[in-house]
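K.L.:
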Amino acid sequence: MGKKDSYQEFLKEDFNKLFAGMNLGDVQKHFLRSRWLDQVLWMEAKANSSRDRHYYLRITTIIGGVILPALVSLNINTTPKRDIIIWSTFGLSQIVAISAAIEEFFHYGERWRHYRRTVESLKTQGWQFSQLTGPYCNYTSHEQAFNLFAGHVEDIIQRDVEIYATQVVQENKEKKQNQEGHITLQNTKIINLEEKKEEE
8 MGKKDSYQEF
18 LKEDFNKLFA
28 GMNLGDVQKH
38 FLRSRWLDQV
48 LWMEAKANSS
58 RDRHYYLRIT
68 TIIGGVILPA
78 LVSLNINTTP
88 KRDIIIWSTF
98 GLSQIVAISA
108 AIEEFFHYGE
118 RWRHYRRTVE
128 SLKTQGWQFS
138 QLTGPYCNYT
148 SHEQAFNLFA
158 GHVEDIIQRD
168 VEIYATQVVQ
178 ENKEKKQNQE
188 GHITLQNTKI
198 INLEEKKEEE
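For the numbering used here, add 7 to where a residue sits in the sequence shown, where the first one is 1.
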């Protein structure tokens, strides 16, 4: 946690020094701090958090998935040890199932990659703007290039919001369809059971 915080502080301090040296008005510097830098720091934190959760859950699932068959294949006849193996196998299988279910539900891997792409795009725009390179190479001052930079930043943020909203809406639709399919399947089973009872 300390390393992440120190990196966040380093980024904040580094970019603030960079902003101080730019020939920009107070409103423009305020935009850089409260809009661009705030988004960079927030998305950096979200990307790191999602990555850590994704790795933790995937590693738990993988290691548990490898150990489970070994536990199942053990042939121990003594009752105390046998009970320990049975309960250990059961407990580990639950941990593996829960880890896989949480990862499937929250999609931490996809979130990590999504936030990482967006934050790197924002950083690239920031560095290009500070050096007046890339799309800003035709400008002689930061003040002249600022409107283009602000437009690029807003486009990236808007695209991020649209992609995230689309994914969330799509996930909710899929969940609803799965639930409706499950309910239909359950109703079909109940109807089939009732028909069998009537035939008897």
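Virtual Cβ for every residue (Gly too), placed ideally from N, Cα, C.
Roughly how many angstroms separate the alpha carbons of Phe97 and Ile69, rounded to a whole number?
P.N.:
Within the sequence shown, residue 97 is the residue found at index 90, counting from 1. Within the sequence shown, residue 69 is the residue found at index 62, counting from 1. The alpha-carbon atoms of Phe97 and Ile69 are separated by roughly 16 angstroms.
K.L.:
Can you tell me whether Tyr143 is helix, strand or coil according to DSSP?
P.N.:
The sequence position of residue 143 within the sequence shown is 136, counting from 1. Helix.
K.L.:
Note the first and the last residue of the continuous alpha helix (DSSP H) segment covering Ser80.
P.N.:
Translated into the one-based positions of the sequence shown, residue 80 becomes position 73. Going by DSSP, Ser80 is part of the alpha helix (DSSP H) stretching over Asp45 to Ser80.
K.L.:
State the Cα-Cα distance for the pair Asp33 and His159, rounded to the nearest angstrom.
P.N.:
Residue numbering aside, residue 33 sits at position 26 when the sequence shown is read from its first letter. Residue numbering aside, residue 159 sits at position 152 when the sequence shown is read from its first letter. Distance between Asp33 and His159, taken at the CA atoms: about 20 angstroms.
K.L.:
State the Cα-Cα distance for the pair Ile92 and Ile102, rounded to the nearest angstrom.
P.N.:
On the sequence shown, residue 92 is found 85 positions in, with the first residue counted as 1. On the sequence shown, residue 102 is found 95 positions in, with the first residue counted as 1. Each residue's alpha carbon lies about 15 angstroms from the other.
K.L.:
When you compare each of Tyr122, Glu111, Asp12 and Asn30 to Lys53 by their alpha carbons, which one comes out closest?
P.N.:
The residue given as residue 53 occupies position 46 in the sequence shown. With distances taken between Cα atoms, Lys53 lies closest to Tyr122.
K.L.:
Can you tell me whether Trp94 is buried or exposed, with buried defined as 16 or more other CB within 10 angstroms of its CB?
P.N.:
Position 87 of the sequence shown, counted from the first residue, corresponds to residue 94. It is exposed - the Cβ of Trp94 has fewer than 16 other Cβ atoms within 10 Å.
K.L.:
Pull up the distance between the alpha-carbon of Ile74 and that of Ser80, whole angstroms please.
P.N.:
On the sequence shown, position 67 is the one that residue 74 refers to. On the sequence shown, position 73 is the one that residue 80 refers to. If you take the alpha carbons of Ile74 and Ser80, they lie about 10 angstroms apart.
K.L.:
How would you write the range of the alpha helix (DSSP H) that Arg120 sits in, first residue to last?
P.N.:
Within the sequence shown, numbered from 1, the residue matching residue 120 stands at position 113. Counting along the chain, the alpha helix (DSSP H) containing Arg120 begins and ends at Tyr115 to Gln138.
K.L.:
Which whole-angstrom value describes the C-beta separation of Phe153 and Gln132, a residue pair presumed to lie in contact below a C-beta threshold of 8 angstroms?
P.N.:
Start at 1 with the first residue of the sequence shown, and residue 153 comes out as number 146. Start at 1 with the first residue of the sequence shown, and residue 132 comes out as number 125. The pair is not a contact, with the Cβ atoms about 12 angstroms apart (cut-off 8 angstroms).
K.L.:
For Tyr62, which option in Asp90, Asn82 and Gly116 has the closest C-alpha, if you only look at C-alpha atoms?
P.N.:
Along the sequence shown, one-based indexing puts residue 62 at 55. If we check each option's Cα against that of Tyr62, Gly116 comes out closest.
K.L.:
Sorted by chain position, which residues of the same chain lie with C-beta nearer than 7 angstroms to Arg42's C-beta, five sequence neighbours on each side aside?
P.N.:
Here residue 42 refers to the residue found at position 35 of the sequence shown. Excluding sequence neighbours, Arg42 sits near Val160.
K.L.:
Identify, in the order they occur along the chain, each residue of the same chain with its Cβ nearer than 6 angstroms to the Cβ of Phe22, setting aside the five sequence neighbours on each side.
P.N.:
Translated into the one-based positions of the sequence shown, residue 22 becomes position 15. Hits under 6 angstroms: Leu44.
K.L.:
Would you kindly work out how many angstroms separate the C-alpha atoms of Phe136 and His149, rounded to a whole number?
P.N.:
What you label residue 136 is simply residue 129 of the sequence shown in a count that begins at 1. What you label residue 149 is simply residue 142 of the sequence shown in a count that begins at 1. Those two C-alpha atoms are separated by around 7 angstroms.
K.L.:
What does the alpha-carbon distance come out to for the pair Trp134 and Leu99?
P.N.:
In the sequence shown, counting from the first residue as 1, residue 134 sits at position 127. In the sequence shown, counting from the first residue as 1, residue 99 sits at position 92. For Trp134 and Leu99, the distance between alpha carbons rounds to 47 angstroms.
K.L.:
Per DSSP, what kind of secondary structure is Leu31 in: helix, strand or coil?
P.N.:
Start at 1 with the first residue of the sequence shown, and residue 31 comes out as number 24. Coil.
K.L.:
Check Ile83 in the structure and name its three-state DSSP category.
P.N.:
Within the sequence shown, numbered from 1, the residue matching residue 83 stands at position 76. Coil.
K.L.:
In whole angstroms, what separates the C-alpha of Asn55 from that of Gly71?
P.N.:
To locate residue 55, count along the sequence shown from 1; it is residue 48. To locate residue 71, count along the sequence shown from 1; it is residue 64. Take the alpha-carbon of Asn55 and the one of Gly71: they are about 24 angstroms apart.
K.L.:
Does the beta carbon of Glu16 sit closer than 8 angstroms to a beta carbon anywhere in chain C?
P.N.:
Absent here is chain C; the protein component of the structure consists of one chain.
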